[in-house]
Structures are given as structure tokens and as C-alpha cells.
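Peer 1:
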Amino acid sequence: RHSCKPNAAWFTLRKGFPRGKRMLHVISLDGIQRREEITVSHVEEPVLLQPRLRRSLHLVKVLGTPCPCDRCRANDEEADERIRYLFAKLSATLAVQPPTDSSTATAQECLRELDQLLPFSMQTKAKAKVLLATSLGELSQRAAWQQDNRPANIVLWTGLDPESQEQRLKDSKRLYETAGKDFEYLLGQDALPILERMESGYAPVQDQHKMLTKYRDKAEAAEAVLESEGAGIPFEHKPQSYEPNLPRPGMPPTWEELFKRTK
2 RHSCKPNAAW FTLRKGFPRG KRMLHVISLD GIQRREEITV SHVEEPVLLQ PRLRRSLHLV
62 KVLGTPCPCD RCRANDEEAD ERIRYLFAKL SATLAVQPPT DSSTATAQEC LRELDQLLPF
122 SMQTKAKAKV LLATSLGELS QRAAWQQDNR PANIVLWTGL DPESQEQRLK DSKRLYETAG
182 KDFEYLLGQD ALPILERMES GYAPVQDQHK MLTKYRDKAE AAEAVLESEG AGIPFEHKPQ
242 SYEPNLPRPG MPPTWEELFK RTK
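As C-alpha cells, this is what we get:
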């Protein structure tokens, strides 16, 4: 059955065996619950982005009857207008060149809200995810170049704190991966050329993420060893908090103390 908020999508096998077989993929972001009706879209994706009245006029031509889906019955004009506004805002922010922390953050907020209003995979959202991941990658490259050229006294383009850079890397990886799944679920084998082009942008992000994970695991392991070794140290020998004017235990004496001792 048709729905303007489908939870599944058909695609046809064009290669392999059996060629021409139709297969069904779940595209709902929440999955399909037990005994929930499986619905698909019988119209092109741009139609699903239109307000209810325009959708209904188009669907009458396709189905021969008004659309009976839950989304159309709800007749939420405010939600339809919000969807139109968010896609326009998303397009504008992704067009900002060069991308900035502000523009990418706004684009992420738009995508999150669109996933709530349209909780299913869409090619339009998948394309936006790829563009956003590319923008985040450009920000990371600029930040790395900026770090290497700090003595040049250049204008700061983007933040350099490690936590922000790490989060930016994780966001890029997640966007590439979810966009890849969206294209695969919606297009089936026809998505292969798109996925191959995406690989050139995703591979460096994945490599950096692996290096970061490896480094973090080593740091956490080293910290755990230090904590376990410290557990066996008597309390009186463990580092304590002291007054600023007193030397810390185990630390070398100051030059003033050494000079006094030589007198």
C-alpha cells in the first residue's frame, strides 16, 4: 500500500541471479514493528516533499483515489511548511563557501529535525549528508593546515581544540555511513556507482578514525595501568594536595634550596 511516509522501498535486481527480481528494503528510521503494515511510495520522492494538497492532486492521478495514508489524514499543514523551510535552509547553509563551523552546525540541526518530520530514508537527505560530510572534512583539513602554519600569524578560520576535531571526525564518518545505507536501501544495485564515488571521501575519514581509536585505546590502557599500580601504594606515599609554597613529594628541590645547601 502507498504511504507518503513509507517504511519500505522496492528495488529491482539488474545484475546477478535472478535478474529482474524485486526486493524490499526497510527504510524507516525506527524499523518496522511486529504486525505493522508495510508501506511503500508509489510516487517520485519530490512529490513527498510537497504540501498535502499538491500531493493529493498528484496521487489522485496515480492511484485514482485520494491518498489514505496516516500523513495525509493528519493534514498537518504546519509540518509541511516546516519541511519546506528546513530543506530551503539546508540548501542555503550547504552552499556556504568556504564552509564554517556555524554553517555545518546549522546543516546538522536541519537534518536532525527533518529525520523527525520525515523518519525514513530519502535520496535528498542522503545527498545532503554527503555534502555536509565533505564540508566537515574541509574544515578539518583547514584546521590541520592552520595548526602547521601557526607562526605565520594567519587569520583563524576554525577551532583547533582536540575535542571539537574528534567530534567533527565522528560526525563525518557517521554521515558517510548513513548516507551510504540510504542510497543502498533506496536504489539497490543502482547505488554502486554512487557508493564508489563516496569511497574517495570516506576512506581518509575512516583511516583517521581508526588511528584515533587506536591512540585512545592505548592512552586508556596506559591510564588503567597507572591507576592499578597506584592502588598498591600506601596512602602516605600517594601524591596529595599541598600548599603552593611547599615542594611536592618526590620532586627535585628548587635552585634556591640547592644554593642554600651548598653554603
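Just so it is clear: in the sequence shown, position 66 is 67 by the working numbering, and no numbers are missing.
Note that CB positions come from ideal geometry on N, CA and C, so glycine has one too.
A quick note: this is a predicted structure, and the numbers were derived from the prediction, not measured.
Find out if the Cβ-Cβ distance for the pair Gln90, Cys111 is shorter than 8 Å.
Peer 2: It is Lys, not Gln, that sits at residue 90 in the sequence shown. Their beta carbons are under 8 Å apart, which means Lys90 touches Cys111 by this criterion.
Peer 1: Count the other CB atoms within 10 Å of the CB of Arg55; is the residue buried (16 or more) or exposed (fewer)?
Peer 2: Arg55 should be labelled exposed.
Peer 1: Comparing C-alpha positions only, which one of Asp31, Gln190, Gly65 sits nearest to Lys22?
Peer 2: Answer by Cα proximity: Gln190.
Peer 1: Do you know how far the Cα of Ala223 is from the Cα of Val131?
Peer 2: One C-alpha to the other measures close to 37 Å.
Peer 1: Restricting to Cα atoms, I'd like to know which of Gly138, Lys219, Ser229, Ala192 is closest to Gln209.
Peer 2: Selected option, being the one with the closest Cα: Gly138.
Peer 1: Quick check: the Cα distance between Val48 and Tyr177, rounded to an integer number of angstroms?
Peer 2: The alpha-carbon atoms of Val48 and Tyr177 are separated by roughly 25 Å.
Peer 1: Consult DSSP for Pro250 and reduce its assignment to one of helix, strand or coil.
Peer 2: A caution first: Pro250 carries a pLDDT of 40, below 50, which makes its placement in the model too unreliable to give a value.
Peer 1: Starting from Leu95 and walking both ways along the alpha helix (DSSP H), at which residues does that stretch end?
Peer 2: Taken as a continuous stretch (DSSP letters only), the alpha helix (DSSP H) holding Leu95 covers 78-95.
Peer 1: Where does Thr66 land, buried or exposed, given buried means 16+ other C-beta within 10 angstroms?
Peer 2: By the neighbour-count rule (16 or more Cβ atoms within 10 Å), Thr66 is not buried but exposed.
Peer 1: Flag this pair as yes or no: are the beta carbons of Ala108 and Leu95 separated by less than 8 Å?
Peer 2: Yes. Within cutoff.
Peer 1: Can you find the residues in the same chain that come closer than 6 Å, C-beta to C-beta, to Asp183, ignoring five residues on each side of it along the sequence?
Peer 2: Excluding sequence neighbours, Asp183 sits near Ser122, Ala127.
Peer 1: Taking DSSP as the reference, what is the three-state secondary structure of Leu30?
Peer 2: Correct three-state label for Leu30: coil.
Peer 1: Assuming contact is defined by CB atoms lying nearer than 8 Å, are Ser165 and Val206 in contact in what I supplied?
Peer 2: No.
Peer 1: Going by Cα to Cα distance, which pick from Glu45, Gln34, Gly181 is closest to Trp11?
Peer 2: Of Glu45, Gln34, Gly181, the residue nearest in Cα terms is Glu45.
Peer 1: Starting from Thr13 and walking both ways along the beta strand (DSSP E), at which residues does that stretch end?
Peer 2: Per DSSP, Thr13 belongs to the beta strand (DSSP E) from 9-13.
Peer 1: DSSP beta-bridge partners for Met199?
Peer 2: Partner(s): none; Met199 has no beta bridge.
Peer 1: Taking DSSP as the reference, what is the three-state secondary structure of Val61?
Peer 2: Helix at Val61.
Peer 1: Comparing C-alpha positions only, which one of Arg15, Ile28, His3 sits nearest to Ala9?
Peer 2: Checking every option, the nearest Cα to that of Ala9 belongs to Ile28.
Peer 1: DSSP three-state label for Gln241, please.
Peer 2: Reliability fails at Gln241, whose pLDDT of 48 lies under 50, so the model's placement of it is uncertain and the value that follows must be treated cautiously. DSSP places Gln241 in coil when its eight states are reduced to three.
Peer 1: What does Arg143 pair with, by DSSP beta-bridge criteria?
Peer 2: Note: Arg143 sits in no beta bridge, so no partner.
Peer 1: Name the residue from Val41, Leu50, Ala93, Arg85 whose alpha carbon lies nearest to the alpha carbon of Pro69.
Peer 2: Answer by Cα proximity: Val41.
Peer 1: Among Leu170, His43, Arg35, which residue has its Cα nearest to the Cα of Ala204?
Peer 2: Considering only alpha carbons, the answer is Leu170.
Peer 1: Which residue from Val61, Lys211, Leu30 puts its Cα closest to that of Leu118?
Peer 2: The shortest Cα separation from Leu118 among Val61, Lys211, Leu30 belongs to Leu30.
Peer 1: Quick one: Cα of Leu202 to Cα of Glu78, how far?
Peer 2: Per the sequence shown, residue 202 should be read as Gly rather than Leu. About 38 Å.
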